[in-house]
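>
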Amino acid sequence: MKDSESNQPIVQNDLWSITLPIRWSDMDALGHVNNAMYFRYFEMTRMEWWNSLGEGTLGTSSIGMVVADGHCEYLIPLKYPSVITVKMSGAAPGRTSFNSFYTIHTDDGRLCARGSARVVWYDNARESSTPLPASVVALLPASK
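Residue 6 is where the sequence shown starts when you use our numbering, and the numbers rise one by one after that.
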């Protein structure tokens, strides 16, 4: 099932949410938050979620997450000063990956952006994907 407005799968579970201040340095010469920063906001949310799992700190073992692809739909420009909330949800997992979805809202509730990233579990020592941990699979919606 797809959301008719965004053409993204409808996902019922929220995995993580963070609130962030927009920094002056997040903006570009056009006076709004640079497009690359949206991906940084998604990454910050994803990394806080990872840290909450208790699976260890990324970079301390050979197993970790990599992003295979990413997308962002920019709806309303973000500007300094502002506070945003970034929410992350996930779709049914595959063997080694799952699709994560993100929304960015302003502190007054306006939807500013939505995005996605294909998150792959990766073994750096073997240089190949590896099965998702059972603890992650348990947090994601079941495959239909």
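Glycine included, every Cβ here is placed at the ideal spot set by N, Cα and C. Small disclaimer: the values here were computed from a predicted structure and weren't measured.
Considering only DSSP beta bridges, list what His76 is partnered with.
As a first step, residue 76 is located in the sequence shown; it is residue number 71 there, counting from the start. Per DSSP, Ser121.
> Alpha carbons only, please: which of Cys117, Trp55, Ala34 is nearest the one belonging to Leu144?
Indexing the sequence shown from 1 puts residue 144 at position 139. Measuring from the Cα of Leu144, the nearest candidate turns out to be Trp55.
> For Thr50, which residues in the same chain have their Cβ closer than 8 Å to its Cβ, ignoring the five residues on either side in sequence?
Position 45 of the sequence shown holds residue 50. Trp21, Ser22, Ile23, Val91, Lys92, Met93, Tyr107, listed in sequence order.
> If we call anything under 8 Å between Cβ atoms a contact, is Ala118 one with Tyr85?
Your numbering for residue 118 matches position 113 in the sequence shown. Your numbering for residue 85 matches position 80 in the sequence shown. In this structure, Tyr85 does not lie closer than 8 Å to Ala118 by Cβ.
> For Leu116, which three-state DSSP category applies?
Sequence index remark: in the sequence shown, residue 116 carries index 111 (1-based). Note: Leu116 maps to strand in three-state DSSP.
> Which one of Asp19, Met70, Pro98 has the shortest CA to CA distance from Tyr127?
As a position in the sequence shown, residue 127 is number 122, starting the count at 1. Closest by alpha carbon: Met70.
> Who are the near neighbours of His76 in its chain, counting only those whose CB is closer than 8 Å to its CB and skipping five residues on each side?
Along the sequence shown, read from residue 1 onward, the residue named residue 76 stands at position 71. So the qualifying residues of the chain are Gly120, Ser121, Ala122.
> What's the call for Ile89, buried or exposed, on a 16-neighbour Cβ count within 10 Å?
Along the sequence shown, one-based indexing puts residue 89 at 84. Around the beta carbon of Ile89, 16 or more other beta carbons sit within 10 angstroms, so the residue counts as buried.
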